[in-house]
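Only one structure is covered here, and it is reproduced in the block below.
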Amino acid sequence: MADLKILYDDIDLKAMRVWDDYTWNFKVNVLRTTLFSYNARWTKGKQRHFDAFVASRDKERCQKYHNSCIWSVRSDGIYFSNNNSTWTNTYPW
Numbered sequence: 272m273a274d275l276k277i278l279y280d281d282i283d284l285k286a287m288r289v290w291d292d293y294t295w296n297f298k299v300n301v302l303r304t305t306l307f308s309y310n311a312r313w314t315k316g317k318q319r320h321f322d323a324f325v326a327s328r329d330k331e332r333c334q335k336y337h338n339s340c341i342w343s344v345r346s347d348g349i350y351f352s353n354n355n356s357t358w359t360n361t362y363p364w
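Following the numbering used here from start to finish, the sequence shown increments by one per residue and tops out at 364.
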């Protein structure tokens, strides 16, 4: 299970299960302080808190392919892609 904590406007917390998808749209604020953080839990006590979107880090890399930042929680870690075909294990367990 994973919990999404969004520190932007008034978007609710979202609990997700295996194979769930969750999509949201937003605009980066003028100060570039927009932040979306995420708590992911996997079996056998694996868990990780990470920032799913940090404006200063992700605005440009996510604009390259249709403004997409895609995360996938897997058995060996949390993967990032901005094109849904090339994946990087950004946060190993």
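For every residue, glycine included, the Cβ atom is placed at its ideal position computed from N, Cα and C. Quantities reported herein were computed from a predicted structural model and do not represent experimental measurements.
Measure the C-alpha to C-alpha separation of residue i and residue j and round it to an integer number of angstroms.
i: Asn353; j: Asp329; result: 10 Å
i: Phe297; j: Ser339; result: 11 Å
Can you tell me which of the three DSSP states residue i falls into?
i: Asp322; result: strand
i: Ser346; result: coil
i: Ser327; result: helix
i: Ile312; result: For clarity, residue 312 is Arg in the given sequence; the question names Ile instead. DSSP places Arg312 in strand when its eight states are reduced to three.
Which residue from the options puts its Cα closest to that of residue i?
i: Lys317; options: Asn360, Phe351 and Asp347; result: Asp347
i: Leu291; options: Ser356, Ala323 and Trp342; result: Sequence check: residue 291 is Asp here, not Leu. Taking only the C-alpha atoms, the option nearest Asp291 is Trp342.
i: Asn300; options: Lys315, Val325 and Val289; result: Val325
i: Trp364; options: His337, Asn338, Leu306 and Trp313; result: Trp313
i: Thr304; options: Thr359, Asn338 and Ser327; result: Ser327
How about residue i and residue j: are their beta carbons less than 7 Å apart?
i: Phe321; j: Tyr362; result: yes
i: Ala286; j: Tyr309; result: no
i: Val344; j: Ala311; result: yes
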